[in-house]
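Numbering (my numbering), first residue to last: 49 to 491.
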């Protein structure tokens, strides 16, 4: 319950004969995945594709201390924090998120997701793909949990990107943001540096010192000549992956617009301050610049949320103030620039944390009731979906499987739920574990 304050996809329309014909393109370094991706990009070019930003709170943020406080619960459950009103009547969140509270009219909260996999090796994939361990797909296919691609990978493959990398991770790639069965050719571009550092520079973004653009072009031509000579004898996945990365790297280093997208020095100091001079703050600002420049997906990885000890001290002194500035500024900035409608933003982690505070003033892993914040991309703001019980232990209204969240993400990104992608073995694979509808209140 929400509160305010079928047909065949284009990827399946290929006969066995067509699949065999595509195999003949192997000598050109093309695969079925390339062809299908190109078709999807061409189709989506007729409509303005959306972008997606995932603010990933790595380690598992406690729902009862951020989005779903329980002020009437016993002291060993409710902890130190108190709820505050937001700009939407009837919706309250943590007192250490005052800036987010002022943007709540643009934000939706889900308070009833569950998956019961309280493990850092499984939870991230479940939450970023909708798949659970031991999912049996049509045809009896059963894959390890790590083989399922994340939303970000699927979106970047289907929607594509011009000039820039389709998926960028800042400052690094979290668990669960995997390419899964699509293989390493779709690995994200990892910034591999803290945008808040004074000497920050994106690796491999600029040509080596003393190498002009003309000289870079000559190097590229020579590399292609050598590659073409050996390509006929080496059509391995690794070879195609390296080739794809070469092309991407050249596109970025040869594009002044692409290089500028990563340059935070072009932003006014006042705006950088509003996001916060922190890793998550400057990462969110970079995410906004990247989607503005045409990147399809950006994942901001924010570490530190595995608060087994001193949960409240860590939250109130660092984690929550930094998140408050960064997430609120991102939503506000996208809105003011007219980008929020076409940019879906998710703020979440792999699970929540235990309702009862442990003996070291911390909270442990808990995957039976999880909260997620969403904004933009067509998501209605000022909405709460679902409800938890009096200790934030279990959903009591609208219990939602992560597959429903995945279906909602794909719906807003213009990807039909019955879409199939071709894995590295040539098999058509679903983007959802089973037919599920998007969350009604969010479409």
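Where is the CB? At the ideal position from N, CA and C, for every residue including glycine.
Anyone know if the C-beta pair for residue i and residue j falls short of 7 Å?
i: residue 197; j: residue 231; result: no
i: residue 334; j: residue 243; result: yes
i: residue 455; j: residue 445; result: no
i: residue 157; j: residue 491; result: no
i: residue 379; j: residue 423; result: yes
i: residue 392; j: residue 459; result: no
i: residue 145; j: residue 372; result: yes
i: residue 329; j: residue 374; result: yes
i: residue 452; j: residue 484; result: yes
i: residue 206; j: residue 463; result: yes
i: residue 139; j: residue 152; result: yes
i: residue 112; j: residue 440; result: yes
i: residue 237; j: residue 216; result: yes
i: residue 481; j: residue 179; result: yes
i: residue 342; j: residue 177; result: no
i: residue 438; j: residue 121; result: yes
i: residue 345; j: residue 200; result: yes
i: residue 147; j: residue 318; result: no
i: residue 308; j: residue 338; result: no
i: residue 104; j: residue 349; result: yes
i: residue 143; j: residue 130; result: yes
i: residue 108; j: residue 474; result: no
Starting from residue i, follow the alpha helix (DSSP H) in both directions and report where the run begins and ends.
i: residue 373; result: 368-384
i: residue 339; result: 327-341
i: residue 114; result: 111-114
i: residue 323; result: 317-323
i: residue 492; result: Summary: the structure shown does not reach residue 492, with the chain confined to residues 49 through 491, and so no result is reported for it.
i: residue 147; result: 146-149
What are the residues that DSSP puts in a beta bridge with residue i?
i: residue 468; result: 478
i: residue 133; result: 140
i: residue 436; result: 443
i: residue 350; result: 105
i: residue 221; result: Per DSSP, none; premise fails for residue 221.
i: residue 185; result: 189
i: residue 448; result: 161
i: residue 413; result: 401
i: residue 100; result: 345 and 392
i: residue 216; result: 237 and 346
i: residue 494; result: Limits of the chain in this structure are 49 at one end and 491 at the other, which puts residue 494 out of reach.
Could you spell out the range, first to last residue, of the beta strand (DSSP E) harbouring residue i?
i: residue 173; result: Where residue 173 is concerned, there is no enclosing beta strand (DSSP E), although the alpha helix (DSSP H) it sits in stretches over 171-177.
i: residue 155; result: 155-161
i: residue 392; result: 391-396
i: residue 203; result: Looking at the DSSP string, residue 203 is not in any beta strand (DSSP E); the run it does join, the alpha helix (DSSP H), is 199-207.
i: residue 420; result: 418-423
When the Cα of residue i is compared with those of the options, which residue comes out closest?
i: residue 99; options: 177, 166, 157 and 204; result: 204
i: residue 223; options: 450, 106, 409 and 392; result: 106
i: residue 226; options: 250, 347 and 343; result: 347
i: residue 472; options: 194, 140, 166 and 233; result: 233
i: residue 160; options: 343, 449 and 327; result: 449
i: residue 425; options: 124, 154 and 119; result: 154
i: residue 323; options: 406, 310 and 369; result: 369
i: residue 149; options: 192, 389, 116 and 126; result: 116
i: residue 110; options: 488, 476 and 395; result: 395
i: residue 389; options: 428, 443, 314 and 363; result: 428
i: residue 477; options: 487, 306 and 465; result: 465
i: residue 352; options: 367, 181 and 340; result: 367
i: residue 492; options: 447, 327 and 127; result: No statement about residue 492 is possible, as the shown extent of the chain runs from 49 to 491 and does not include it.
i: residue 245; options: 202, 316, 489 and 326; result: 326
i: residue 214; options: 355, 354 and 101; result: 101
i: residue 172; options: 221, 312 and 340; result: 221
i: residue 354; options: 240, 409, 190 and 489; result: 409
i: residue 468; options: 457, 164 and 202; result: 202
Between residue i and chain D, is there a C-beta pair that is closer than 7 Å?
i: residue 462; result: This model lacks chain D altogether, as it is built from one protein chain only.
| Contact the segment 121-138 vs the segment 372-387: 3+ CB pairs below 8 Å | no
| request: Inspect the CB distances between the segment 401-418 and the segment 184-203 and report whether three or more fall short of 8 Å. | output: no
| task | Would you check if there are 3 or more beta carbon pairs closer than 8 Å linking the segment 397-407 to the segment 355-363? | result | yes
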